[in-house]
Amino acid sequence: MIRECCVCGKRERKGLWSRDYCPGEQVRISHGYCPVCYAEFMDRLDLLFMVRGQKKITAAAAVGS
Numbered sequence: 422m423i424r425e426c427c428v429c430g431k432r433e434r435k436g437l438w439s440r441d442y443c444p445g446e447q448v449r450i451s452h453g454y455c456p457v458c459y460a461e462f463m464d465r466l467d468l469l470f471m472v473r474g475q476k477k478i479t480a481a482a483a484v485g486s
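For the sequence shown, position 32 (counting from the first letter as 1) is numbered 453 according to the working numbering, and the numbering increases by one without interruption.
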């Protein structure tokens, strides 16, 4: 099964994230975040909590594992 980023569409193969794949490729896909999009999402989430004056929530995540 291949992971595909739900934001940018990159796919992970052997630990590397890229867009070089055939659109008609017949593979099973699981969606999640690539490391870059995950970091950007967490930055935006932190900003949202700051704007609302709420405590930051820390989540332990294994990106790329």
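For each residue, glycine too, the CB sits at the ideal point set by N, CA and C.
Across the set Ser451, Cys458, Ile423 and Val472, the C-alpha of Ile423 shows the shortest separation from the C-alpha of Gly436.
Counting along the chain, the unbroken alpha helix (DSSP H) around Arg465 starts and ends at Pro456 to Arg473.
For Glu425, the enclosing beta strand (DSSP E) starts and ends at Ile423 to Cys426.
Per the DSSP secondary-structure output, Glu433 pairs in a beta bridge with Arg424 and Trp438. Around the C-beta of Glu446, fewer than 16 other C-beta atoms lie within 10 Å, and the residue is accordingly described as exposed.
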